[in-house]
Amino acid sequence: MSNQEPNQTPNYQATTPSTQPTESCGDHTGGETTDNMSTSQEGSRETALFEAAQQLASVGGWAYDLRTETFEYTDEISRIYGREPEERITLATIIECFHPADRPAVGAAVDDAIESGEPFEGEWRLRPADREQRWVRVYGEPKRADGSVVLVRGAIEDITGEKEHKERLSRLFGTNRELLEAESAEAVAGVAVEAARNVLGLSISGIHLDDDGALVPTAITEAAHDLFGEAPTFEPGEGIAWEVFETGEPQKYDDLQVVEARYNPETEVRSELIVPLGEHGVFIAGSPQPDAFDERAVSLAKILAASVESALDQLDRERQLRRQNERLEEFTNIVSHDLRNPLSVARAGVEVAKSESGGSESLERIERAHSRMESLIEDLLSLARGGQDIEASDMETVRLEGAASRAWQSVETGDATFESGVNCKFVADPSRLRQLLENLFRNAVEHSHDPVTIRVGTLADGFYIADDGPGIPPGERESVFEAGYTSHDDGTGLGLRIVQTVADAHGWDVTVTDSESGGARFEITGIDT
């Protein structure tokens with residue numbers, strides 16, 4: 287390929303094949319079909335095409351004249367096909383450079399263009415003489431004269447880099463599941479550096495994670511270990527890695543020799559790419575060659591870093607949930623034993639005192655206080671347990687009508703009436719669902735002065751519980767699910783909060799509105815029924 291100045295007319299070569307080729311290849315560059323095109327018009331437009339193509343990297347222009355069987359092409363065609371500039375290329379040799387499995391498709395595309403006069407475009411594999419398999423995008427546009435196609439011209443673009451980028455991107459997304467299944471930060475880092483090496487081709491790379499205010503090497507590739515030995519720990523303010531971690535902005539250094547803030551002035555690394563991992567640390571890739579990382583490499587490294595950050599965020603959330611569950615378990619144990627046991631002793635003492643004294647108003651007040659304390663303890667335990675994560679092993683298919691009937695039988699309902707005719711089933715934790723239903727039933731009974739009718743019905747994505755009681759004013763509907771909210775003197779203010787926590791634990795939504803009879807209607811939605 288000749289070295290041309292940008293403003294020079296590109297050299298192109300013309301060859302006449304010794305035999306009529308049966309297959310050909312080409313690219314579509316656009317343009318209008320013209321009848322009765324003169325030879326001078328053809329020449330000027332072909333030259334313009336070649337000039338435009340030659341200015342673009344990895345794009346070569348070509349034209350095949352059916353009248354003279356002449357194949358013309360720019361120097362870039364030689365480079366794409368792995369040929370020396372002085373080596374003549376014919377249509378036959380062009381076809382031979384395509385992958386054997388793709389040659390029929392290339393030939394058919396050109397034949398169809400000649401027959402129909404319609405342009406074509408395709409992506410096919412090459413097998414150049416001195417390189418590995420490559421990909422090209424071929425455009426071809428037929429031209430007519432006197433009603434017949436006399437010329438096919440177009441461009442060929444080397445898209446090997448584009449194809450490799452897409453393949454790496456696909457493989458990179460394939461590592462997401464492995465990252466999310468990793469059970470520790472060290473495991474996440476290990477998966478990430480393996481992906482950096484095997485998928486992105488970043489043989490010198492590693493991950494440093496924040497540990498007590500320092501960036502500690504957590505996983506590095508074998509090539510990085512061979513080059514550095516023991517990877518350094520970056521203290522606050524040390525090196526460009528800390529700067530990236532602190533600012534949260536990725537940085538690409540094409541030549542570390544001119545970067546004053548580099549950690550090791552004697553480093554053999556010339557190019558370096560550093561991408562932050564949120565609050566967790568940084569991903570670092572290096573190369574002994576300058577200008578080693580193009581925009582595609584940077585883009586893929588950012589995607590990998592984002593996946594690593596998500597996996598580490600998930601580990602943090604799981605760790606936080608475990609701590610919360612441990613605290614909840616500790617709380618329920620305290621309430622269940624340390625409070626309930628003394629209360630039982632106190633109640634027993636009251637019973638003894640009543641039997642000895644024949645009962646008194648003071649003892650009755652103490653007994654009522656004990657009953658309220660017991661109710662509060664039960665509700666606190668329900669609230670704590672209702673907000674805990676639901677294990678998959680606790681989930682099973684439940685029938686709403688059966689669950690509602692059992693919950694109704696567990697509540698002191700007095701003269702209330704229960705109506706249900708639902709035929710619906712879904713997956714839930716049966717014990718938590720019972721908590722939810724019991725508290726909704728109890729709420730309806732306790733807040734109605736007259737005998738109340740409570741009805742259970744189904745929705746498209748859930749169910750509802752409605753009553754004909756006094757209802758809930760619109761201005762209070764936002765606050766009814768808050769702990770401590772109650773309009774009943776003896777209420778604990780936790781019943782509807784328990785309903786909310788149980789719904790949240792299942793991933794359901796709970797809202798309150800008016801029932802058809804003017805009472806309250808609680809809708810539980812977001813359920814796969």
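Just so you know, the sequence shown maps onto residues 287 to 815 in my numbering.
We put the beta carbon where it would ideally sit given N, CA and C, even for glycine.
Using three-state DSSP, classify Gly805 as helix, strand or coil. coil
Would you give the residue range spanned by the beta strand (DSSP E) that Leu745 belongs to? Thr739 to Leu745
When you compare each of Asp397, Asp715 and Leu686 to Ser679 by their alpha carbons, which one comes out closest? Asp715
Given 8 Å, three or more beta-carbon pairs between the segment 369 to 385 and the segment 405 to 425: yes
Out of Pro756, Arg741, Gly700 and Ala789, point me to the one whose CA is closest to Leu719's CA. Ala789
Run the CB neighbour count on Pro551, radius 10 Å, all protein chains shown included, and call it buried at 16 or more, exposed below. exposed
Among residues of its own chain, excluding the 5 on either side of Thr325, which ones have a beta-carbon nearer than 8 Å to its beta-carbon? For Thr325, the pLDDT reaches just 40, beneath the cut-off of 50, and the residue's location in the model is therefore unreliable, although a value from the coordinates is still provided. Cβ within range, chain order: n/a, list empty.
Using a threshold of 8 Å, state whether the C-beta atoms of Ala527 and Tyr549 are closer than that. yes
From the DSSP output, in three-state form, read off Pro405 for me. coil
Assuming the contact rule is C-beta atoms closer than 8 Å, Ala481 and Leu590 should be a hit. Round their C-beta distance to whole Å, please. 6 Å
For Trp528, which three-state DSSP category applies? helix
What residues match up with Pro716 in a beta bridge as DSSP calls it? BP columns for Pro716 are empty, so no partner.
What is the rounded straight-line gap between the Cα of Pro756 and the Cα of Glu705? 18 Å
Since Val568 sits in a beta bridge, which residues does DSSP pair it with? His494 and Pro562
From the DSSP output, in three-state form, read off Ala591 for me. helix
Report the option in Ala505, Glu524 and Glu418 whose CA atom is closest to the CA atom of Gly447. Nearest option by C-alpha distance: Glu418.
Does the Cβ-Cβ distance between Gly346 and Ala441 come in under 8 Å? yes
Could you tell me whether the segment 532 to 548 touches the segment 508 to 521, where touching means 3 or more Cβ pairs closer than 8 Å? no
Measure the CB-CB distance between Val568 and Val474 and report whether it falls below 8 Å. no
Measuring only the C-alpha atoms, how far is Arg685 from Leu559? Looking at the two C-alpha atoms, the distance is approximately 57 Å.
Runs of beta strand (DSSP E) lying entirely within the segment 438 to 510, each at least 3 residues, in chain order: 490 to 497 and 500 to 506
Can you check DSSP and say which residues form a bridge with Tyr350? Phe357 and Val438
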